[in-house]
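Structure representation (structure tokens):
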């Protein structure tokens with residue numbers, strides 16, 4: 204069975220600084236997808252970034268980028284130029300490579316951005 | 238605009254009662270999912286359906302039931318057998334794995 208581990212329950216960063224959230228996962232699959240979701244205080248889940256395991260190039264979306272280390276089964280999220288609106292819970296998630304399948308979530312990291 | 242609608246936003250239930258949470262999508266997505274969110278435990282899968290008239294149990298299906306009679310709808314019933322139903326419930330749908338899920342805005346269920 205696949206598992207996703209987020210070892211940082213809480214983190215904080217000052218506005219305009221950079222922060223990295225950690226995620227590790229365990230799987231015997233070779234092809235899969237990895238995601239980072241953001242849940243602000245409104246509790247709406249928002250997709251931040253996604254990575255396909257067979258692509259070696261790390262995904263980027265504006266201020267958000269990932270460091271995907273397939274051999275180490277690591278998938279960290281870097282937020283550059285942090286903004287107050289980045290304050291949220293961040294969830295790492297895994298999905299097997301399939302047309303549709305279950306998303307397996309980590310327990311989340313609560314990020315607080317300070318002015 | 239296309240999206241997923243969950244209703245109601247807040248729901249109160251007396252102990253021993255069944256209650257049904259609604260989830261409707263107009264995205265033409267094949268697959269739909271129900272997750273439960275508790276503090277410190279992330280999101281845990283209750284049930285999912287990849288096609289109409291078919292669904293599978295997730296990790297914590299005990300005390301819950303679902304139906305998928307229409308592509309657009311995937312209601313979740315929390316039965317009296319669910320020992321600790323107070324939680325935040327999220328419904329989601331997907332068209333293809335690469336694109337992840339689209340989530341509804343959630344239902345907060347409280348047992349009183």
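Protein chains in written order, with the numbering used here: chain Y, 204 to 318; chain H, 238 to 349.
Don't be surprised by glycine CBs; every beta carbon is placed ideally from N, CA and C.
Supposed contact pair residue j and residue i - C-beta distance, whole angstroms, cut 8 Å
{"i": "residue 315(H)", "j": "residue 249(H)", "result": "12 Å between Cβ atoms; not a contact."}
{"i": "residue 248(Y)", "j": "residue 340(H)", "result": "4 Å"}
{"i": "residue 238(Y)", "j": "residue 250(Y)", "result": "6 Å"}
{"i": "residue 274(H)", "j": "residue 324(H)", "result": "6 Å"}
{"i": "residue 236(Y)", "j": "residue 335(H)", "result": "6 Å"}
{"i": "residue 309(Y)", "j": "residue 207(Y)", "result": "4 Å"}
Of the residues the options, the one placed nearest residue i, counting alpha carbons only
{"i": "residue 350(H)", "options": "296(Y), 285(Y), 251(Y) and 213(Y)", "result": "Since the first residue shown for chain H is 238 and the last is 349, residue 350(H) is missing from the structure and cannot be characterised."}
{"i": "residue 313(Y)", "options": "206(Y), 243(Y), 204(Y) and 269(Y)", "result": "243(Y)"}
{"i": "residue 253(H)", "options": "241(H), 320(H) and 270(H)", "result": "320(H)"}
{"i": "residue 302(H)", "options": "309(H), 293(H) and 313(H)", "result": "313(H)"}
{"i": "residue 315(Y)", "options": "288(Y), 295(Y) and 304(Y)", "result": "288(Y)"}
{"i": "residue 231(Y)", "options": "264(Y), 297(Y) and 285(Y)", "result": "297(Y)"}
{"i": "residue 215(Y)", "options": "277(Y), 286(Y) and 310(Y)", "result": "286(Y)"}
{"i": "residue 317(Y)", "options": "207(Y), 222(Y) and 206(Y)", "result": "222(Y)"}
{"i": "residue 320(Y)", "options": "257(H), 243(H) and 293(H)", "result": "Lying outside 204 to 318, the shown extent of chain Y, residue 320(Y) is not represented and no answer is given."}
{"i": "residue 267(H)", "options": "305(H), 322(H) and 345(H)", "result": "305(H)"}
{"i": "residue 311(H)", "options": "269(H), 345(H), 333(H) and 298(H)", "result": "269(H)"}
{"i": "residue 205(Y)", "options": "282(Y), 281(Y), 262(Y) and 229(Y)", "result": "229(Y)"}
{"i": "residue 220(Y)", "options": "308(Y), 282(Y), 299(Y) and 311(Y)", "result": "282(Y)"}
{"i": "residue 295(H)", "options": "288(H), 284(H) and 289(H)", "result": "284(H)"}
Beta carbon of residue i nearer than 9 Å to that of residue j
{"i": "residue 343(H)", "j": "residue 246(Y)", "result": "yes"}
{"i": "residue 239(H)", "j": "residue 265(H)", "result": "yes"}
{"i": "residue 255(Y)", "j": "residue 234(Y)", "result": "yes"}
{"i": "residue 306(Y)", "j": "residue 338(H)", "result": "yes"}
Pairwise C-alpha distance: residue j and residue i
{"i": "residue 301(Y)", "j": "residue 209(Y)", "result": "24 Å"}
{"i": "residue 282(H)", "j": "residue 260(Y)", "result": "30 Å"}
{"i": "residue 266(Y)", "j": "residue 271(H)", "result": "30 Å"}
{"i": "residue 227(Y)", "j": "residue 274(Y)", "result": "11 Å"}
{"i": "residue 308(H)", "j": "residue 332(H)", "result": "12 Å"}
{"i": "residue 252(Y)", "j": "residue 295(Y)", "result": "10 Å"}
{"i": "residue 217(Y)", "j": "residue 300(H)", "result": "44 Å"}
{"i": "residue 251(H)", "j": "residue 277(Y)", "result": "44 Å"}
{"i": "residue 346(H)", "j": "residue 322(H)", "result": "7 Å"}
{"i": "residue 287(H)", "j": "residue 299(Y)", "result": "14 Å"}
{"i": "residue 244(H)", "j": "residue 255(H)", "result": "16 Å"}
{"i": "residue 290(H)", "j": "residue 262(Y)", "result": "37 Å"}
Beta-carbon neighbours of residue i, restricted to chain C and to distances below 8 Å
{"i": "residue 240(H)", "result": "Considering every chain present, this structure includes no chain C. Its protein chains are Y and H."}
- Query: Counting pairs of beta carbons, one from the segment 311 to 331 of chain H and one from the segment 253 to 263 of chain H, are three or more of them closer than 8 Å?
  - Reply: yes
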